[in-house]
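Peer 1: Structure in structure tokens, see below.
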Amino acid sequence: ASYDMGGHDTYMHKEISEQPDAVDRVLRGRIDDRFSTVHLGGLNLDAREARGIRRVKILGCGTSYHAGLIGAGLIESLARIPADSEPASEFRYRNPVVDPDTLYIAVSQSGETYDVLAAVQELKRKGARVLGVVNVVGSAIARETDGGVYVHAGPEVCVVSTKCFTNTVVAFALLALHLGRIRDLSVADGKRIIEGLRRLPSQISEVLESEDEIKKLAAEYADAKSMMFIGRVRGYPVALEASLKLKEISYIHAEAYPASELKHGPLALIEPALPTVAIVPDDELLEKNRAALEEIKARSGRILAVAHQEQEKADHTILVPKNEDELDPILMGIPLQLLAYHTALALGRDIDKPRNLAKSVTVE
Ligand code: AGP
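Take the sequence shown: its position 322, counting from 1, is numbered 563 in UniProt numbering, and each next residue is one higher.
Put into structure tokens, the structure is as follows:
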């Protein structure tokens, strides 16, 4: 694709910068203030059917799988339906038990990823109901699914996904709110989430203003051979996605762990040469996350925290504005896109076209 870079040096930078508008687009025309819910025209799922769902299984690859992990958390917390996300490529090879009361959701930016498409076809052949959370309108996955939510991120050219990740998570928040309000989510909680969603575009702009600070940090960490990313519950998929982003464009090895798992093994790796990026939201797990930072500091590990307040144990804290607990992962992911970007830039990488990768993987 060749469309205007609009004054940016790379598509990735352009796409990161577009996020306030992109989020505005996925929300537009969908919020119903009267009933504190949302309208999702393409869902093709009536209220009675929505009440009958006993489980949600989300399928995607790479970044879309990570967005699905946050989506599953949103569906569990707002709609109280057990939900999980799994790589589509694994799911379709384990002869999955297809259950009529499970809602399957295929997630894809391109709508053409072969593993996701093949999983959808296998599910449909077994009589499952499959929805799509897709960016490209009219793509193969959009056509094969029974309905769904368009992500409206606009064209994404850079091989690594940024704005589509963010918009996919917002689309899941809308779906979770919709299902929640049909089930047990109160009007007050619906309103609270809607207000949180409306704050996102300006809060994302605020995060983007820390770019100079993040650029300096990237220069400091660019010499690392490997980096550790940690988070808990809602923060863990943010860590997974940030570590994927760093790997893809900087070629620095990175891994992501739930902070709670450190003591079960990876703590052995911690030393000054292995920096840790920690997701530390002001939520019910704040003290637990702080305890993990202490463990790392006690082993002389360098720490970069993404948090709502300055973290004493961290060498640097990138501050992000607070939203509702459920929506915080959306804002916490954004500085880490910039961190990966500026690290790759400092290392002279080809950011829009990283080696060995294609924008959409249409073969197995
Ligand atoms: C994203 O940065 C990756 N390049 C990759 O993991 C991607 O998310 C994956 O291939 C799935 O693509 P899709 O969303 O178009 O299905």
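We put the beta carbon where it would ideally sit given N, CA and C, even for glycine.
1. For Asp250, which residues in the same chain have their Cβ closer than 8 Å to its Cβ, ignoring the five residues on either side in sequence?
2. Beta-carbon of Tyr306 versus every beta-carbon of chain C: anything under 8 Å?
3. When DSSP labels each residue in this structure, what does Glu397 get in the three-state scheme?
4. Which residues, in chain order, sit with a beta-carbon under 6 Å away from any heavy atom of the ligand AGP?
5. Within the continuous beta strand (DSSP E) that includes Ile559, where are the two ends?
6. Suppose the cutoff is 6 Å on Cβ atoms and the five residues either side in sequence are ignored; what does the same chain contact list for Pro570 look like?
7. Hey, Val400 and Pro595: beta-carbon distance below 8 Å or not?
8. Could you tell me which residues DSSP puts in a beta bridge with Lys594?
9. Return the Cβ separation of Ala483 and Leu588 in integer angstroms, given the expectation that the two are a contact with Cβ distance under 8 Å.
10. Is Lys352 helix, strand or coil when you go by DSSP?
11. Return helix, strand or coil for Val338, following the three-state DSSP convention.
12. Per DSSP, what are the beta-bridge partners of Gly373 in this structure?
13. With a 10 Å radius around its C-beta and 16 neighbouring C-beta atoms as the bar for buried, classify His505 as buried or exposed.
14. Counting Cβ pairs closer than 8 Å, one from the region 558 to 572 and one from the region 528 to 536, do we hit at least three?
15. Evaluate the contact criterion for the region 459 to 473 versus the region 483 to 496: three or more CB pairs, one atom per stretch, below 8 Å.
16. Using the C-alpha atoms, what's the distance from Pro328 back to Gly314?
17. Return the CA-CA distance between Pro507 and Leu372, expressed in angstroms with no decimal places.
18. Do three or more CB pairs link the region 385 to 394 to the region 547 to 559 at distances below 8 Å?
19. Out of Pro341, Ala320, Met573 and Asp524, point me to the one whose CA is closest to Val428's CA.
20. Take Ala417 and list the residues in its own chain whose beta-carbon comes closer than 6 Å to its own, dropping the five residues that flank it on each side.
21. Could you check the C-alpha separation between Ser402 and Leu545 for me, to the nearest Å?
22. Mapping the DSSP letters down to three states, classify His254 as helix, strand or coil.
23. What I want to know is whether the C-beta of Gly373 ends up closer than 7 Å to one or more non-hydrogen atoms of the ligand PLP.
24. In chain order, what residues of the same chain have a beta carbon less than 7 Å from the beta carbon of Ser277, not counting five sequence neighbours either side?
25. Taking the continuous beta strand (DSSP E) assigned at Arg296, which residues delimit it?
Peer 2: By the coordinates alone:
1. Your numbering for residue 250 matches position 9 in the sequence shown. The answer is none, since no qualifying residue turns up.
2. Structure shown: chain C not included; a single protein chain is present.
3. Taking the first residue of the sequence shown as 1, we reach residue 397 at position 156. If DSSP states are grouped into helix, strand and coil, Glu397 belongs with coil.
4. In chain order, the residues positioned with their C-beta nearer than 6 Å to some heavy atom of the ligand AGP are Cys302, Gly303, Thr304, Ser305, Ser349, Gln350, Ser351, Thr354, Val357, Val400, Val401, Ser402, Glu489, Leu598, Ser601 and Val602.
5. In the sequence shown, the residue the question calls residue 559 occupies position 318. Ile559 -> beta strand (DSSP E) spans His557 to Leu560.
6. Start at 1 with the first residue of the sequence shown, and residue 570 comes out as number 329. Around Pro570: Ile311, Arg475 and Val479.
7. Here residue 400 is taken as the residue at index 159 of the sequence shown, counted from 1. Here residue 595 is taken as the residue at index 354 of the sequence shown, counted from 1. Taking 8 Å as the Cβ cut-off, Val400 and Pro595 qualify as a contacting pair.
8. Here residue 594 is taken as the residue at index 353 of the sequence shown, counted from 1. Residue pairing by DSSP places Lys594 in no beta bridge whatsoever.
9. For the purposes of this step, residue 483 is identified with residue 242 of the sequence shown, where counting begins at 1. For the purposes of this step, residue 588 is identified with residue 347 of the sequence shown, where counting begins at 1. The Cβ separation is near 17 Å, so there is no contact.
10. Your numbering for residue 352 matches position 111 in the sequence shown. Position check: residue 352 holds Gly in this sequence, whereas Lys was assumed. Gly352 falls in the coil class under three-state DSSP.
11. Indexing the sequence shown from 1 puts residue 338 at position 97. If DSSP states are grouped into helix, strand and coil, Val338 belongs with coil.
12. As a working mapping, residue 373 is identified with position 132 in the sequence shown. For Gly373, which the question treats as bridged, DSSP gives the partners Ala347 and Gly389.
13. Reading the sequence shown from its first residue, position 264 is the one you call residue 505. His505 should be labelled exposed.
14. No, because fewer than three Cβ pairs between the region 558 to 572 and the region 528 to 536 fall closer than 8 Å, the two stretches do not touch.
15. Touching, per the Cβ criterion.
16. Position 73 of the sequence shown, counting from 1, holds the residue named residue 314. Position 87 of the sequence shown, counting from 1, holds the residue named residue 328. Whole-angstrom Cα-Cα distance: 16 Å.
17. Reading the sequence shown from its first residue, position 266 is the one you call residue 507. Reading the sequence shown from its first residue, position 131 is the one you call residue 372. Approximately 37 Å, taken between the alpha carbons.
18. In short, these stretches do not touch, since the Cβ pair count stays below three.
19. Residue mapping note: residue 428 aligns to position 187 of the sequence shown, counting from 1. Considering only alpha carbons, the answer is Ala320.
20. Start at 1 with the first residue of the sequence shown, and residue 417 comes out as number 176. Leu315, Ile316, Leu319 and Ala320, listed in sequence order.
21. Along the sequence shown, read from residue 1 onward, the residue named residue 402 stands at position 161. Along the sequence shown, read from residue 1 onward, the residue named residue 545 stands at position 304. One alpha carbon belongs to Ser402, the other to Leu545, and they sit about 23 Å apart.
22. Taking the first residue of the sequence shown as 1, we reach residue 254 at position 13. His254 falls in the helix class under three-state DSSP.
23. Looking at this structure, you won't find the ligand PLP anywhere; what it does contain is the ligand AGP.
24. Counting from 1 along the sequence shown, the entry for residue 277 is found at position 36. The answer, listed in chain order, is Arg422, Val428, Gly431, Lys432 and Ile435.
25. On the sequence shown, residue 296 is found 55 positions in, with the first residue counted as 1. First-last of the beta strand (DSSP E) with Arg296: Arg296 to Gly301.
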